[in-house]
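For the sequence shown, the working numbering gives the first residue as 5, with consecutive numbering after it.
A short write-up of the structure that comes next.
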Amino acid sequence: MLDLCTGDIGNSSARTFDIEVYAPGVDQWLEVSSVSWFTDYQARRANIRYKVEGAKGNEVAHTLNGSALAVPRVWAAVVETHRQPDGTVRIPEILQPYMRGATSIG
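Structure representation (structure tokens):
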């Protein structure tokens, strides 16, 4: 998880986080998703407001933007990181409940 500096984010974003995975095959960290907080910038342009009970007028909402997960990059990182000498891929413990309890593939 990277908290990007202001020089690396767009003008409309107040804060951006990149999620990266390490890919041993290319010896690089690869971005797999990004999430940005735009405070009220997009909401003002789109006139997105909400009402607070008991308050006068409406408030301007804050918005987020998140990209979908780059599944092929995540899968490649899992395979490269957890491949065993016999060619099987060890499933990380945290993912095993989603794999019907399997501990390896192949």
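Yeah, the Cβ is synthetic: ideal placement off N, Cα and C, and Gly gets one too.
Values in this document were obtained by computation on a predicted structure and should not be read as measured data.
- The three-state reading of DSSP puts Ile-98 in helix, counting H, G and I together.
- Secondary structure of Arg-19 (DSSP, three-state): strand.
- Across the set Asn-15, Arg-94, Asn-69, Thr-20, the C-alpha of Arg-94 shows the shortest separation from the C-alpha of Ala-81.
- In chain order, Ser-16, Ser-17, Ala-18, His-66, Thr-67, Leu-68, Asn-69 place their CB closer than 8 angstroms to the CB of Phe-42, counting only its own chain and leaving out the 5 sequence neighbours on each side.
- Boundaries of the beta strand (DSSP E) harbouring Glu-63: 62-64, taken from the DSSP string.
- Note on geometry: alpha-carbon atoms of Gln-46 and Val-39 lie some 15 angstroms from one another.
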